[in-house]
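Residue numbers (the numbering used here): 51 to 319.
Heads up, the beta-carbon is just placed ideally off N, CA and C, and yes, glycines get one too.
Here the structure is laid out as structure tokens; the discussion comes afterwards.
Right, dumping it as structure tokens:
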């Protein structure tokens with residue numbers, strides 16, 4: 051499948067030099083999500099597993115904000131009128147978006163400026179890397195609307211990124227975490243000037259995209275699956291995974307380039 055042929059209706063998609071950029075594009079509302087955008091993002095991330103032209107992804111928001119979460123009028127309002135079965139269908143769909151981000155073989159980098167709240171914070175959390183700005187504000191604000199912090203995998207994933215105690219505080223209070231704190235506790239990989247945020251994220255993504263992407267996909271898969279493994283089982287699983295990577299052409303290319311004292315050119319196979 052060629053991702054660049056897709057024409058999504060509910061977010062912007064561009065593909066350039068092996069990198070796809072997903073941009074939430076409702077800046078006048080701080081880029082909230084709707085039922086339709088959740089579903090379209092889920093389906094697009096799922097399609098990446100069979101994608102031929104994309105080897106890394108940058109996820110961002112238009113304007114000076116990342117994502118304000120679910121749209122109050124288009125999502126929150128209708129939810130209070132739904133049946134229990136309909137509510138479960140919705141929460142399953144939002145969770146499936148997180149699963150799709152984590153399951154796609156490409157490294158996903160979130161470039162985060164301004165508001166990153168609710169479901170937006172969950173999308174950032176599910177990404178492999180997060181680049182932010184000093185003025186950004188990250189908030190898992192589900193408690194602010196009378197809901198539990200256990201939404202879209204937050205109780206599982208967030209403690210693994212920033213630690214149990216810090217995650218518990220954010221999920222119980224729903225408070226905003228400023229950018230410098232987000233970097234200090236490990237939620238952000240780095241803080242970048244807002245004017246350079248997207249360009250730096252794209253540059254990093256291109257470096258990933260021109261690396262041994264089959265090996266990167268294996269790293270991502272093992273990072274995800276080893277959470278629930280005992281150490282001995284994880285070591286065994288990594289031995290199997292690395293042996294598979296040693297059968298790739300990229301591994302051979304790296305050796306031949308080293309022997310020739312040149313830089314390897316990886317092709318992702």
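* Is residue 154 helix, strand or coil when you go by DSSP? -> coil
* **Cα-Cα separation, residue 134 to residue 171** => 25 Å
* Asked: Tell me, which residues are paired with residue 66 by DSSP?
  -> 69
* **Length-filtered (3 minimum) beta strand (DSSP E) runs lying within the segment 67-110** => Here the runs fully enclosed are 69-74.
* To do: Let me know if residue 294 comes out buried or exposed under the rule of 16 or more other beta-carbons within 10 Å of its beta-carbon.
  => exposed
* Asked: Should residue 258 go down as buried or exposed, given a rule of 16 or more other Cβ atoms within 10 Å for buried?
  -> Counting of Cβ neighbours within 10 angstroms places residue 258 among the buried residues, the total reaching 16 or more.
* Exposed or buried, what is residue 83 when buried is set at 16 or more other beta-carbons lying within 10 Å of its beta-carbon? -> buried
* Give me the Cα-Cα distance between residue 90 and residue 72, rounded to the nearest whole angstrom. => 11 Å
* With residue 217 as the anchor, note down where its beta strand (DSSP E) starts and where it stops. => Not the beta strand (DSSP E): residue 217 falls in the alpha helix (DSSP H), residues 214-223.
* Asked: Who are the Cβ neighbours of residue 68 in its own chain at under 8 Å, not counting the five residues just before and after it?
  -> 103, 104, 105, 106, 256, 259 and 260
* Option nearest residue 46 by Cα separation, candidates 222, 216 and 221 -> No answer is possible for residue 46: the residues shown for the chain start at 51 and end at 319.
* Selected residue, minimal CA-CA separation from residue 245, among 174, 184 and 93 -> 184
* Among 61, 110, 64 and 99, the one whose alpha carbon lies nearest that of residue 250 -> 110
* To do: With a threshold of 6 Å, establish whether the CB of residue 192 neighbours any heavy atom of the ligand NAP.
  => In the structure shown, the ligand NAP is absent, as is every other ligand, since no ligand is present at all.
* To do: State whether the segment 177-191 contacts the segment 231-240, with contact taken as three or more CB pairs (one from each stretch) at a distance under 8 Å.
  => yes
* Could you give the DSSP three-state label for residue 304: helix, strand or coil? => helix
* What is the rounded straight-line gap between the Cα of residue 63 and the Cα of residue 153? -> 19 Å
* Endpoints, the beta strand (DSSP E) within which residue 181 is located -> 179-182
* Going by DSSP, name the residue or residues bridged to residue 188. => 166 and 227
* Asked: Relative to the C-alpha of residue 288, which residue among 271, 306 and 100 is closest?
  -> 271
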